[in-house]
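**Student:** Take a look at this one; I'll ask things after.
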Amino acid sequence: MSEPRERDALFTTSWGTPVPRVSGPDDPSRDPQRLGEPGEFPYTRGIHPTGHRGRLWTMRQYAGFGSAAETNKRYRFLLDQGQTGLSVAFDLPTQMGHDPDAPIAHGEVGKVGVSIASIEDMHDLFEGIPLDRVSTSMTINATASILLALYVAVAKRQGVAPARLSGTVQNDILKEYIARGTYIFPPGPSMRLVTDIFGYCKDEVPRWNTISISGYHMREAGCTAVQEVAFTLANAVAYVQAAVEAGLAVDAFSPQLSFFFNAHNNLLEEVAKFRAARRLWARIMRERFGARDPRALTLRFHAQTAGSMLTAQQPENNVVRVTVQALAAILGGCQSLHTNSRDEALALPTEASVRLALRTQQILAYESGVADTVDPLGGSFALERLTDDLEGEAGVYIKKIDDLGGSVAAIGFMQREIQDAAYRYQREVEDKRRVVVGVNDFVTDEPPPANLFQLDAGVGEALRERIARVRAGRDRDRAARALDAVEAAARGRDNLMPRLVDAVEASVTLGEICGRLRGVFGVHAPSVTF
């Protein structure tokens with residue numbers, strides 16, 4: 134039996150403020166007239182007048198493991214099951230700019246994502262998948278420009294012009310410094326790579342989302358809902374400012390910006406979070422940057438359910454958690470959604486698990502009725518109060534970051550705030566002030582499931598041999614010239630993207646390109662404080 138708890142102490146938001154017993158029409162600033170209409174500034178109720186009635190969100194399942202050929206099989210399976218967009222997970226060597234045969238990559242190749250080092254790998258990853266008919270999201274940051282170049286090069290091999298490609302490259306290096314750690318270069322050169330992608334895609338790949346500014350990983354590191362909104366939008370401000378300083382017009386590149394948020398456990402709080410983020414961003418873009426194109430004012434976002442909330446204990450409970458989190462994202466007006474699988478706290482998901490995760494989205498879309506009404510919870514006294522409170526608290530944080538000199542200067546501040554929030558949460562769990570079902574209450578003694586996903590143990594050696602064959606079979610002079618051109622552009626001010634496309638088409642590898650860029654840009658060494 135669960136022990137009774139003092140209930141009043143439980144009713145606080147993730148950022149620590151009390152949740153009122155009831156909200157009503159007399160609450161200040163809860164005027165229904167402030168809501169506006171869906172598809173109209175400040176987009177609190179959604180960026181499209183018809184919401185999900187006009188078009189359902191893109192259903193993506195984040196996937197990648199082992200070799201490109203293995204991952205291609207999973208993509209084909211998911212597309213056959215009704216998935217409507219691809220989402221690529223890359224292994225750590227690919228994220229950190231190392232080829233599979235690099236000594237530092239030993240033991241990590243293909244482990245937490247797919248290994249991509251050359252145009253041949255990228256070709257295998259999308260073999261038989263028409264890139265002009267599938268939207269692809271790539272979760273990659275420090276090496277985002279190289280992976281985008283590889284994607285463009287493979288599309289050209291398929292006969293698909295870059296202008297016909299649609300998708301997203303994460304390309305959000307600031308959150309790597311703050312919360313995740315897969316950075317390579319110092320902030321200055323990294324921001325230059327980000328804005329080079331902005332400039333290139335504006336002209337060459339106009340349907341592509343050039344960045345997915347991510348609060349997801351900061352929330353996974355332990356931040357609150359308020360901090361997730363504030364730190365994400367503060368980073369977005371830094372990217373827009375960098376692009377403006379690089380000579381790009383706000384209304385020209387901003388429509389290609391996108392966002393990536395966590396869908397956490399607290400249903401109402403999460404719905405309010407998405408609504409508050411849209412409203413804040415619309416005002417920031419209009420008032421701070423003078424944007425006038427409505428597309429530049431709208432916050433378009435992908436959501437992923439909270440991996441950090443999955444439990445190894447009683448993993449079937451994760452199906453319920455993911456459903457609640459996905460519901461929050463849908464009610465909050467997401468444009469794209471990934472649902473985690475029940476066994477991901479234990480291993481990479483099996484086919485059966487990813488199919489169930491995808492079916493969760495499909496049942497919500499076609500059977501629950503939540504997609505039938507735009508902003509179906511809008512006007513709820515409790516939701517509007519939370520939306521207003523979130524917007525206000527996040528605005529205080531954004532001003533603090535501005536006062537510190539912007540996101541790059543405030544990296545340490547944001548790290549400390551996230552660490553403090555994560556510590557508070559863990560103490561609440563340990564003290565049972567916050568219940569995690571199956572972990573600190575309602576506990577059972579059960580063995581872990583036996584049918585977990587197993588990765589091919591020989592994948593690393595096979596990919597090391599493959600990359601050696603790629604180098605041996607290419608035109609050496611062409612590859613050398615292409616690498617020299619990349620280095621020359623890095624030392625100058627020319628946009629790097631066209632040179633990167635030329636290089637990968639010449640079978641230059643990801644590790645070779647990053648080696649040259651390290652020689653020019655250096656490597657980021659974070660300061661350590663105690």
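Start counting the sequence shown at 134; every next residue gets the next number (the working numbering). Beta carbons are placed, not taken as given, at the ideal position from N, Cα and C, and that holds for glycine.
Would you identify the three-state DSSP class for Ile262, choosing helix, strand or coil?
**Tutor:** Here Ile262 sits in coil by DSSP.
**Student:** Quick one: is Ala485 buried, meaning 16 or more other Cβ sit within 10 Å of its Cβ, or exposed?
**Tutor:** By the 10 Å Cβ count, Ala485 comes out exposed.
**Student:** Taking its Cβ as the centre, do 16 or more other Cβ atoms sit within 10 Å of His239, making it buried, or is it exposed?
**Tutor:** Classification of His239: exposed, given that the 10 Å Cβ count is below 16.
**Student:** Around the Cβ of Gly332, are there at least 16 other Cβ atoms within 10 angstroms (buried) or fewer (exposed)?
**Tutor:** By the 10 Å Cβ count, Gly332 comes out buried.
**Student:** Does the segment 425-436 come close enough to the segment 533-543 to have 3 or more Cβ pairs within less than 8 Å?
**Tutor:** No, because fewer than three Cβ pairs between the segment 425-436 and the segment 533-543 fall closer than 8 Å, the two stretches do not touch.
**Student:** Inspect the beta-carbon positions of Leu443 and Glu402 and report whether they are closer than 7 Å.
**Tutor:** Not in contact: Leu443 and Glu402 (Cβ atoms no closer than 7 Å).
**Student:** For the beta strand (DSSP E) containing Arg178, name the first residue and the last one.
**Tutor:** Premise fails: Arg178 is in no beta strand (DSSP E) and is neither H nor E.
**Student:** Could you compute how far the alpha carbon of Ala498 sits from the alpha carbon of His185?
**Tutor:** Roughly 9 Å separates the two Cα atoms.
**Student:** Given that a residue counts as buried once 16 or more other Cβ atoms are within 10 Å of its Cβ, and exposed if not, what is Ile252?
**Tutor:** Result: buried.
**Student:** Is His231 near Gly644, with beta carbons less than 7 Å apart?
**Tutor:** Yes, these two residues count as a Cβ contact at 7 Å.
**Student:** Let's test the definition: count the other Cβ atoms within 10 Å of the Cβ of Ala658 and tell me whether it reaches 16, buried, or not, exposed.
**Tutor:** Label assigned to Ala658: exposed.
**Student:** Which value, in whole angstroms, describes the spacing of the CA atoms of Val603 and Leu366?
**Tutor:** If I take the Cα positions, the gap works out to 42 Å.
**Student:** Which one or two residues does DSSP pair with Pro151 in a beta bridge?
**Tutor:** Note: Pro151 sits in a beta bridge opposite Thr145.
**Student:** CB Phe679 to CB Ala436, shorter than 7 Å?
**Tutor:** Residue coverage of the chain in this structure runs from 134 to 663, which leaves residue 679 outside it and unanswerable.
**Student:** According to the neighbour-count rule (16 or more other Cβ atoms, all chains shown, within 10 Å of its Cβ), is Ile317 buried or exposed?
**Tutor:** Its Cβ being crowded by 16 or more others within 10 Å, Ile317 is buried.
**Student:** In three-state terms, what does DSSP make of Ser640?
**Tutor:** The answer is coil: DSSP assigns Ser640 none of H, G, I, E or B.
**Student:** Out of curiosity, what's the CA-to-CA distance linking Ala622 and Ser248?
**Tutor:** Taking the straight line joining both Cα atoms gives about 27 Å.
**Student:** Helix, strand or coil for Asn398, going by three-state DSSP, please let me know.
**Tutor:** Looking at Asn398 - three-state DSSP - the assignment turns out to be coil, as it is neither helix nor strand.
**Student:** Quick check: what's the CA-CA separation for Met547 versus Arg408?
**Tutor:** If you take the alpha carbons of Met547 and Arg408, they lie about 23 Å apart.
**Student:** Taking a contact to mean a Cβ-Cβ separation below 7 Å, would you say Phe174 touches Ala415 in this structure?
**Tutor:** Yes, they are a contact pair.
**Student:** Determine the extent of the beta strand (DSSP E) in which Phe434 is found, giving its start and end residues.
**Tutor:** Per DSSP, Phe434 belongs to the beta strand (DSSP E) from 434-438.
**Student:** I think Leu479 touches Ala445, with their Cβ atoms under 8 Å apart; what is that distance to the nearest whole Å?
**Tutor:** That pair is a contact at about 5 Å.
**Student:** Go through its chain and collect everything with a Cβ distance to Val656's Cβ below 8 Å, but skip five positions before and after it.
**Tutor:** Ile317, Phe318, Pro319.
**Student:** According to DSSP, simplified to helix, strand and coil, what is Ile346?
**Tutor:** Three-state result, Ile346: strand.
**Student:** Alpha carbon to alpha carbon, what distance is there between Phe210 and Arg193?
**Tutor:** Those two C-alpha atoms are separated by around 13 Å.
**Student:** Whether or not the segment 301-309 and the segment 334-349 are in contact is what I'm after, with contact meaning three or more pairs of Cβ atoms, one per stretch, closer than 8 Å; do they touch?
**Tutor:** Judged by Cβ distances under 8 Å, the segment 334-349 makes contact with the segment 301-309, as three or more pairs qualify.
**Student:** Does the structure place the segment 309-316 close enough to the segment 284-297 that three or more beta carbon pairs sit under 8 Å?
**Tutor:** Because the criterion of three Cβ pairs below 8 Å is not met, the segment 284-297 and the segment 309-316 do not touch.
**Student:** I need the straight-line Cα distance from Gly593 to Val245, nearest angstrom please.
**Tutor:** Each residue's Cα considered, the two are about 12 Å apart.
**Student:** Could you check how far apart the C-beta atoms of Ser270 and Ser220 are, in whole angstroms? I think they sit under 8 Å.
**Tutor:** With a Cβ gap of about 4 Å, Ser270 and Ser220 count as contacting.
**Student:** Is it true that the CB of Ala312 sits closer than 7 Å to the CB of Ser351?
**Tutor:** Per the sequence shown, residue 351 should be read as Met rather than Ser. Cβ distance < 7 Å, so Met351 and Ala312 count as in contact.
**Student:** In or out: Ser162 buried (at least 16 other Cβ within 10 Å) or exposed?
**Tutor:** Caution is warranted here: a pLDDT of 49 is assigned to Ser162, below 50, making its placement in the model unreliable, and the coordinate value is therefore given only provisionally. Exposed, since its Cβ has fewer than 16 Cβ neighbours within 10 Å.
**Student:** So, at 6 Å on beta carbons, what are the nonlocal neighbours of Ile600 in its own chain, with the 5 sequence-adjacent residues on each side left out?
**Tutor:** Excluding positions up to five away in sequence, the list reads Asp232, Pro233, Asp234, Ala250.
**Student:** Should Ser200 go down as buried or exposed, given a rule of 16 or more other Cβ atoms within 10 Å for buried?
**Tutor:** When all chains shown are included, Ser200 counts as buried.
**Student:** Name, in chain order, the residues that DSSP records as bridge partners for Val529.
**Tutor:** Beta-bridge pairing links Val529 to no other residue.
**Student:** Going by beta-carbon coordinates alone, are Val641 and Ala615 separated by less than 7 Å?
**Tutor:** Yes, the Cβ-Cβ distance between Val641 and Ala615 is below 7 Å.
**Student:** Mind checking which residues open and close the beta strand (DSSP E) that includes Thr301?
**Tutor:** Thr301 -> beta strand (DSSP E) spans 300-302.
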